[in-house]
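Peer 1: Residue numbers (the numbering used here): 56 to 334. We put the CB at the ideal spot given by N, CA and C, even for glycine. From a predicted model like this one, the values you see are computed outputs, not experimental measurements.
#1: How far does the alpha helix (DSSP H) with residue 241 in it extend, from its first residue to its last?
#2: Quick one: what's residue 270 bridged to in DSSP?
#3: On the DSSP letters alone, give me the boundaries of the alpha helix (DSSP H) that residue 72 sits inside.
#4: For a test of the three-state rule: what should DSSP assign to residue 152, helix, strand or coil?
#5: Considering only residues of the same chain and omitting the five flanking positions on each side of residue 187, which have a CB-CB separation below 6 Å?
#6: Give me the Cα-Cα distance between residue 270 and residue 126, rounded to the nearest whole angstrom.
#7: When DSSP builds the beta bridges, which residues end up paired with residue 178?
#8: Going by the CB atoms, is the gap between residue 204 and residue 156 shorter than 8 Å?
#9: By alpha-carbon positions, which one of 147, 214 and 268 ends up nearest to residue 100?
#10: Based on Cα-Cα distance, which residue from 112, 252, 223 and 206 lies nearest to residue 216?
#11: In angstroms, rounded to a whole number, what distance separates the CA positions of residue 277 and residue 265?
#12: In terms of DSSP beta bridges, what is residue 290 paired with?
#13: Does residue 88 pass the burial test, meaning 16 or more other C-beta atoms within 10 Å, or should it be called exposed?
#14: Under the rule that 16 or more other beta-carbon atoms within 10 Å means buried, what is residue 225, buried or exposed?
#15: Answer with buried or exposed for residue 208, where buried requires no fewer than 16 other C-beta atoms within 10 angstroms of its C-beta.
#16: Rounded to the nearest angstrom, what separates residue 305 and residue 165 at their Cα positions?
#17: Would the region 169 to 189 and the region 303 to 323 be scored as touching if the rule is three or more Cβ pairs under 8 Å?
#18: Does DSSP classify residue 173 as helix, strand or coil?
#19: In chain order, which alpha helix (DSSP H) runs of at least 4 residues are fully inside the region 80 to 109?
#20: Is residue 190 helix, strand or coil when you go by DSSP?
#21: Based on Cα-Cα distance, which residue from 237, 262, 252 and 285 lies nearest to residue 223?
#22: Counting pairs of beta carbons, one from the region 188 to 195 and one from the region 322 to 334, are three or more of them closer than 8 Å?
#23: For residue 281 and residue 289, what's the separation of their Cα atoms in angstroms?
#24: Could you compute how far the alpha carbon of residue 153 sits from the alpha carbon of residue 139?
#25: My understanding is that residue 202 touches residue 74, with C-beta atoms under 8 Å, so please give their C-beta distance in whole angstroms.
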């Protein structure tokens, strides 16, 4: 399969590129300087030139706090850009997969959010990602939307990805005890994104590692347990203590109602995947 991957310098994109190449795909991996997805003309020109069988969109504005003050920049990438990619994919008859987020939900559900739950974002980042979902499916019914959460992985720069490095260096970290989600290993997510591109069944999928989910503190303490780090380096804090510009859902655990019906097995348990990542 010939696969075009956007946002190629990002953590998830690098995992997708690695996986696709490992199974023999021809990959076109484009960074923002090579493809600005908010530029509809450029997107269409590149798609018509490359003619991929599938497009996996890993480009995103992911600065949740920054999106509150840089709304136009966030919207151009997360909403307009996704629409441009979907429309260009339609014009060349390519499968289209785009990544969304658990932040499309308000976090008031203490259980798992499924596709039956109505999105209600509480931050502009969540609003922009939801708008991207809507626009993609409006312009191209073949669009595949993948909501994921708490993604971490190799070369990642977010808190979950670097937590083990901080603890290994003996640094104290603050971990939120009252926010809950379903951790997702970027490598596992990459495999599922490629499977969905080949399956080519348009729908909204929730893709995370299996298990009951955890808090940031729970994740941190599992890291400490698996690597024998000093657990006293972990300071438990409340999300409200951090006074961040953008509100976050208190609980945004995701579960999928349709993956197994389509023959897609659950991803490995999050603790198992975390152990593999730390090795």
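Peer 2: According to the structure shown:
#1: 241 to 254
#2: 235
#3: 66 to 77
#4: strand
#5: 133, 134 and 137
#6: 28 Å
#7: Its beta-bridge partners do not exist; DSSP assigns none.
#8: yes
#9: 147
#10: 206
#11: Just so you know, the alpha carbons of residue 277 and residue 265 end up roughly 15 Å apart.
#12: 229
#13: exposed
#14: exposed
#15: The residue is buried, with at least 16 neighbouring Cβ atoms inside 10 Å.
#16: Between residue 305 and residue 165, the C-alpha separation is close to 8 Å.
#17: yes
#18: coil
#19: 95 to 105, all fully within the region 80 to 109.
#20: helix
#21: Nearest C-alpha to residue 223: 285.
#22: no
#23: Spanning the two alpha carbons is a distance of roughly 14 Å.
#24: Residue 153 and residue 139 have their C-alpha atoms some 12 Å from each other.
#25: Actually they are not in contact, since the Cβ atoms of residue 202 and residue 74 sit about 20 Å apart, beyond 8 Å.
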